[in-house]
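Encoded as structure tokens, the structure appears first; notes follow it.
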Amino acid sequence: DIQLQLQSLQDGSGGESILDAKTITVLKRRKLITLVTRKSYSVTRGKHYAPKRVKMAADFTKEMLDSGEWKNTPFKPYNFLTVGEKVGGGYLHPLLKVRAEFRKILMQMGFAEMPTNKWVESSFWNFDSLFQPQSHPARDAHDTFFIKEPGTTVSVPEDYYERVKDMHEKGGSGSIGYRYDFKKEEAFKNLLRTHTTAVSSQMLYKLANQPGGFKPARYFSIDRVFRNESMDATHLCEFHQVEGLVADYNLSLGDLIGTIETFFKKIGITQLRFKPAFNPYTEPSMEIFGYHPDLGQWTEIGNSGMFRPEMLAPMGLPENVRVIAWGLSLERPTMIKYRIKNIRDLFGHKVEMARTKTAPICRFDDASTL
4 DIQLQLQSLQ DGSGGESILD AKTITVLKRR KLITLVTRKS YSVTRGKHYA
54 PKRVKMAADF TKEMLDSGEW KNTPFKPYNF LTVGEKVGGG YLHPLLKVRA
104 EFRKILMQMG FAEMPTNKWV ESSFWNFDSL FQPQSHPARD AHDTFFIKEP
154 GTTVSVPEDY YERVKDMHEK GGSGSIGYRY DFKKEEAFKN LLRTHTTAVS
204 SQMLYKLANQ PGGFKPARYF SIDRVFRNES MDATHLCEFH QVEGLVADYN
254 LSLGDLIGTI ETFFKKIGIT QLRFKPAFNP YTEPSMEIFG YHPDLGQWTE
304 IGNSGMFRPE MLAPMGLPEN VRVIAWGLSL ERPTMIKYRI KNIRDLFGHK
354 VEMARTKTAP ICRFDDASTL
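Residues in the sequence shown are numbered from 4 upward in steps of one, following my numbering.
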């Protein structure tokens, strides 16, 4: 029987279907047969056969359209039912997160935002209107980026220009001025603004000359400024300035200190010190220091002062109107908030996208309610 079974397998080319499963199992157990799987393929020419394989295009490009190549290019069929790759949302930069918080706080305090979307200003608005002399070192090319083309502004308010010129040359409002020849070509030079106070001066001029006369106002701005500085771990040639000002009747230094303390309490800084300082366009002027708990020391966090009468009088503001103002950078509180030691890791071309993606939301504890 065994011989007959083996003979039948040989005659049937070894096909498994010739014998029943029980017989095959017995033969395998006695090691007389071994099952082997054989696969065979039949290859024939299809309708798209070509001697050379041509890769099908997946995209329709402008070059195809211009050359007419698309007419003879095979395209992959589109599958309109497939699920596309998951689209990731955008991520706010840490600076924008802190800016949004500052903006919300200042609006809660009753401040209106100034239009600061013009980075190029004339030297007149950036320096001269602030009663900063044309010989001041900050106006040199090694401190300021001047614009090559167009190199000069088109115009400034003519009557206001004359009053500013007289204040520089002859003085007024109790001042003797700087007593030099005020040059129009110097005042009309274009530059990248060195501070957002260039916008503040324009807003104050409009406030003084609006229909119906002067009305008290509070303004703020948070935007980019540019200075020709040496770059290091804490300084860049461009940074963001936070500025606030209040224009009202009979304001005092106490009002300035109180406004500054209210703002900083809202971002959780309660320990403040004020140190006398000098600014060309504010008198008195104060540097603002806050206690840094991580560093265990007092750190300069801003500057402040009251705009000088020599700046306000040419604008046409009433004599008893005072303007208090303060400013700070946006980068320094952001670095403290996110524990960043090098400013180039926060702003610029070396910023890691992963840091932006994983940066937590910005939230300041309002110490004024405690």
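Where is the CB? At the ideal position from N, CA and C, for every residue including glycine.
Being a predicted model, the structure only gives us computed values, none of them experimental.
Rounding to the nearest angstrom, what Cα-Cα distance links residue i and residue j in this structure?
i: residue 176; j: residue 239; result: 38 Å
i: residue 71; j: residue 84; result: 30 Å
i: residue 275; j: residue 291; result: 7 Å
i: residue 98; j: residue 214; result: 38 Å
i: residue 146; j: residue 157; result: 24 Å
i: residue 358; j: residue 339; result: 15 Å
i: residue 315; j: residue 360; result: 45 Å
i: residue 221; j: residue 148; result: 30 Å
i: residue 351; j: residue 108; result: 26 Å
i: residue 1; j: residue 300; result: Nothing about residue 1 can be read from this structure; the chain reaches only from 4 to 373.
i: residue 130; j: residue 142; result: 8 Å
i: residue 246; j: residue 92; result: 31 Å
i: residue 33; j: residue 13; result: 17 Å
i: residue 304; j: residue 332; result: 8 Å
i: residue 132; j: residue 69; result: 56 Å
i: residue 5; j: residue 42; result: 28 Å
i: residue 22; j: residue 56; result: 46 Å
i: residue 295; j: residue 81; result: 60 Å
i: residue 266; j: residue 122; result: 26 Å
i: residue 47; j: residue 39; result: 27 Å
i: residue 233; j: residue 106; result: 29 Å
i: residue 134; j: residue 102; result: 30 Å
i: residue 243; j: residue 287; result: 24 Å
i: residue 112; j: residue 285; result: 23 Å
i: residue 205; j: residue 268; result: 29 Å
i: residue 263; j: residue 347; result: 28 Å
i: residue 88; j: residue 26; result: 55 Å
Please confirm if residue i has its CB atom under 8 Å from at least one CB of chain D.
i: residue 123; result: The question asks about chain D, but that chain is absent: this structure has only one protein chain.
Can you list, in chain order, the residues of its chain whose CB lies under 6 Å from that of residue i, leaving out five sequence neighbours each side?
i: residue 178; result: 313
i: residue 36; result: 30
i: residue 162; result: none
i: residue 100; result: 365
i: residue 328; result: 248
i: residue 335; result: none
i: residue 318; result: 207, 208 and 211
i: residue 283; result: 135
i: residue 124; result: 196 and 201
i: residue 254; result: 325 and 327
Going by DSSP, what residue range makes up the alpha helix (DSSP H) through residue i?
i: residue 28; result: 24-32
i: residue 189; result: 187-190
i: residue 262; result: 256-269
i: residue 11; result: 5-14
i: residue 317; result: That residue, residue 317, is in no alpha helix (DSSP H); it is neither H nor E in DSSP.
Looking at the unbroken beta strand (DSSP E) that takes in residue i, where does it start and where does it end?
i: residue 248; result: 241-252
i: residue 172; result: First-last for residue 172: 161-172, but that is the alpha helix (DSSP H), not the beta strand (DSSP E).
i: residue 226; result: 220-229
i: residue 203; result: Segment 200-211 is the alpha helix (DSSP H) holding residue 203; no beta strand (DSSP E) there.
i: residue 102; result: Element bounds for residue 102: not the beta strand (DSSP E) but the alpha helix (DSSP H), 97-111.
i: residue 334; result: Run containing residue 334: none in the beta strand (DSSP E); it sits in the alpha helix (DSSP H), 334-340.
i: residue 360; result: Segment 356-361 is the alpha helix (DSSP H) holding residue 360; no beta strand (DSSP E) there.
i: residue 287; result: 285-295
i: residue 195; result: 193-195
i: residue 117; result: Here residue 117 belongs to no beta strand (DSSP E), and DSSP marks it neither H nor E.
i: residue 308; result: 300-310
i: residue 276; result: 275-282
Might you give, ordered along the chain, the residues of its own chain that have their beta carbon closer than 7 Å to the beta carbon of residue i, omitting 5 neighbours on each side?
i: residue 186; result: 137
i: residue 9; result: 35
i: residue 168; result: 185
i: residue 289; result: 277, 278, 279, 280, 307 and 308
Spatial neighbours of residue i within its chain, please: CB distance less than 8 Å, with the 5 preceding and 5 following residues excluded, ordered by chain position.
i: residue 252; result: 219, 321, 323, 324 and 325
i: residue 2; result: This structure gives no information on residue 2, because the portion of the chain shown stretches from 4 to 373.
i: residue 66; result: 72
i: residue 231; result: 144, 145, 146, 147, 148 and 240
i: residue 61; result: 78 and 79
i: residue 183; result: 136, 137, 138, 171 and 172
What ranges does the alpha helix (DSSP H) occupy inside the stretch 44-82, keeping only unbroken runs of at least 4 residues that lie completely in it?
65-70
Pairs of beta-carbons, one from the stretch 301-309 and one from the stretch 195-203, closer than 8 Å: are there three or more?
When Cβ pairs closer than 8 Å are counted between the two stretches, the stretch 301-309 is seen not to touch the stretch 195-203, the count staying below three.
Curious, which full-length beta strand (DSSP E) runs of at least 3 residues does the stretch 122-146 contain?
With a minimum length of 3 residues, the continuous beta strand (DSSP E) runs that stay inside the stretch 122-146 are 123-125.
How about the stretch 247-261 and the stretch 165-172: do they share at least three Cβ pairs that are nearer than 8 Å?
no
Closer than 8 Å is the cut-off here; do at least three beta carbon pairs connect the stretch 187-194 with the stretch 148-156?
yes
Determine, using beta-carbon pairs with one atom in the stretch 331-351 and one in the stretch 60-74, whether at least three such pairs fall under 8 Å.
no
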